[in-house]
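Structure first, commentary second.
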Amino acid sequence: QGAIGIGALDASLPPYKVSTAYPMLVATDAGQVPVTGASELGVASYATCVRFDASVLCTGVNSASGNLGNPAAPAQLLTLNPAYPALLGDAGTAALGTAWSNTQCALGPSGELRCWGFNPYQETAPSTAGNPVKTPYLWTGLPPIARVASGLGHTCAVDTQGAVWCWGYDSAGQCGSADASVTGVAPTQVTLPAKATEITVGGLTDEAYSCARLETGDVYCWGANASGCTLGRGDAGVGLASTPVPGPVKL
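Throughout the sequence shown, residue numbering follows the numbering used here, covering 859 to 1109 in sequence.
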C-alpha cells in the first residue's frame, strides 16, 4: 500500500522486521533520500505520517480513505513528498495522535485538534464533513487537547486539564456514553475519578474499548469486554460473557 514509504511496493520485505536496508524515503530535488529530521510518527492502517518542524507528510493510500490529509495528493504515494503536505493550517503541528485505523489526527500548538481519513461513524469529523474526510477537519467546541487516540469507529482525547472526551461509534459503550449509538455520538466527557494523562483505544467496532491512565497511576477502561477479559475484568460483577461496560472500571 506504500504505507512504509520505502519507494516501492516490495512484497519481499520481511514482515515485522526493521532493517537499515529499507529506510523510509522522502522525495527531494535530488531524488529519493532517507528521511532525516523527523520528530514523530503516526501510523494508521493504510498510511504513515511523519511530523517535522514545519509540516506533516504522509505516505500510503489516499484515493478512498483520504489518509494523506491532502485531497490534491495522488491516489497512492510510495514515499513522503513535500509537494503534498497534510493541510493543517499555518499554526503548525505540536503532536500526532496514535491511530490503528483509517483516521489520523494532529494537535496544534494551542491544543487545536484536526483529523482526517475515513468517517463512517463521525469519529473523524461531524457527518457534515462527509466520508472520507480528505482535508483535515478542525474540531470546534472541544477544550484544548493534549493527547488523542483514534480507533476503528471511535476517537478519544485528553484535554489539557486532564478530562477525557470520546466520540463516534458507541455500540458497546466505548465512548463512555449511555447512548449506545451505532451512527456516531458527539464528543462526550467520560467521568473519571482523577485527571487522565494518557489515552488509548482498540478493538473492532462492536468489540471496541477505551482505556485511560490517570495521574494517580490507576488505569480505567470502558466499552466491550470480549470474552470477559479485554478490560482486564473477569469477576462476576463486571464483564463476564462479553458484557459491555459502558462506564469506566478500574483495572
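Backbone N, C-alpha and C define an ideal beta-carbon position, used for all residues, glycine too. In this text the structure is predicted, and so the values were computed from the model without any measurement.
Beta-carbon proximity of residue i to residue j, cut-off 8 Å
{"i": "V919", "j": "A931", "result": "no"}
{"i": "A885", "j": "T951", "result": "no"}
{"i": "L926", "j": "A912", "result": "no"}
{"i": "W1025", "j": "T1041", "result": "no"}
{"i": "C973", "j": "T982", "result": "yes"}
{"i": "T1063", "j": "S1029", "result": "yes"}
{"i": "G1011", "j": "G1081", "result": "no"}
{"i": "I1003", "j": "L971", "result": "yes"}
{"i": "R909", "j": "S923", "result": "no"}
{"i": "L935", "j": "T917", "result": "yes"}
{"i": "T998", "j": "G975", "result": "no"}
CA-to-CA distance, residue j to residue i, given in whole angstroms
{"i": "G889", "j": "N939", "result": "11 Å"}
{"i": "I1057", "j": "A1070", "result": "4 Å"}
{"i": "Y1078", "j": "V891", "result": "43 Å"}
{"i": "D1017", "j": "Y995", "result": "18 Å"}
{"i": "G1061", "j": "P881", "result": "30 Å"}
{"i": "T1046", "j": "L915", "result": "30 Å"}
{"i": "S921", "j": "P1051", "result": "43 Å"}
{"i": "G1020", "j": "V991", "result": "28 Å"}
{"i": "L883", "j": "V893", "result": "5 Å"}
{"i": "D887", "j": "T1049", "result": "51 Å"}
{"i": "S968", "j": "A1015", "result": "15 Å"}
{"i": "P1106", "j": "P1001", "result": "21 Å"}
Distance between beta carbons of residue j and residue i, contact taken as under 8 Å
{"i": "V1022", "j": "C963", "result": "Wrong, their Cβ atoms sit about 15 Å apart, outside the cutoff."}
{"i": "Y1027", "j": "A1066", "result": "7 Å"}
Range covered by the beta strand (DSSP E) that runs through residue i
{"i": "W1080", "result": "V1077 to G1081"}
{"i": "P892", "result": "G889 to P892"}
{"i": "Q980", "result": "Careful: Q980 lies outside any beta strand (DSSP E) and carries neither H nor E."}
{"i": "A1007", "result": "I1003 to S1008"}
{"i": "T1055", "result": "A1054 to G1060"}
Nearest to residue i (by Cα), restricted to the options the options
{"i": "T956", "options": "N977, G969, V901 and D948", "result": "V901"}
{"i": "S959", "options": "S1008, G1081 and G1075", "result": "S1008"}
{"i": "T993", "options": "L1000, N977 and N1083", "result": "N977"}
{"i": "K1108", "options": "L965, Q980 and D1076", "result": "D1076"}
{"i": "K1053", "options": "S1068, A1044 and T1074", "result": "T1074"}
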